[in-house]
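As structure tokens, the structure follows; a few thoughts come after it.
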Amino acid sequence: MLDNGAKLKYLLKKSEKGKDMTVIKVCLGSSCYVRGNDKMLTFIEDYIQKNKKDISLELVGCRCTNLCQDGPNIFIADKKYSNMSKDDLIKVLEAL
Ligand code: FES
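Per numbering that gives the first Met the number 0, the sequence shown runs over residues 0 to 95.
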């Protein structure tokens with residue numbers, strides 16, 4: 000089970016009533032953070048603001064999920080993506 004973690008300032012868009020919201024959680028535990036998730040968080044935020052204005056998304060940071068060996072980890076709609084390149088991440092975000 001994922002740790003909900005602390006919501007950061009990256010709440011980008013709230014769901015409108017009755018609409019589903021896709022939640023993107025970027026692990027900001029120390030292992031994932033130093034292996035690139037600090038930059039991925041900024042990258043996702045910029046990408047969403049430029050390209051995903053028509054869907055409801057919530058971008059949050061979360062604490063370590065004890066899956067460090069796979070990391071850096073990002074959870075999109077509760078599916079885990081590990082050690083992604085920016086190109087791989089763009090493909091996932093485009094499919095939302
Ligand atoms: S720091 Fe991300 S899973 Fe542990």
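We put the beta carbon where it would ideally sit given N, CA and C, even for glycine. A quick note: this is a predicted structure, and the numbers were derived from the prediction, not measured.
Query: Alpha-carbon to alpha-carbon, residue 69 and residue 93; Result: 23 angstroms
Query: Residue 67 in three-state terms, based on DSSP; Result: helix
Query: Burial state of residue 20 (16 or more Cβ within 10 Å); Result: exposed
Query: Beta-bridge partners of residue 61, as assigned by DSSP; Result: 26
Query: Span separating the alpha-carbon of residue 2 from that of residue 71; Result: For residue 2, the pLDDT reaches just 38, beneath the cut-off of 50, and the residue's location in the model is therefore unreliable, although a value from the coordinates is still provided. So the two alpha carbons sit approximately 15 angstroms from each other.
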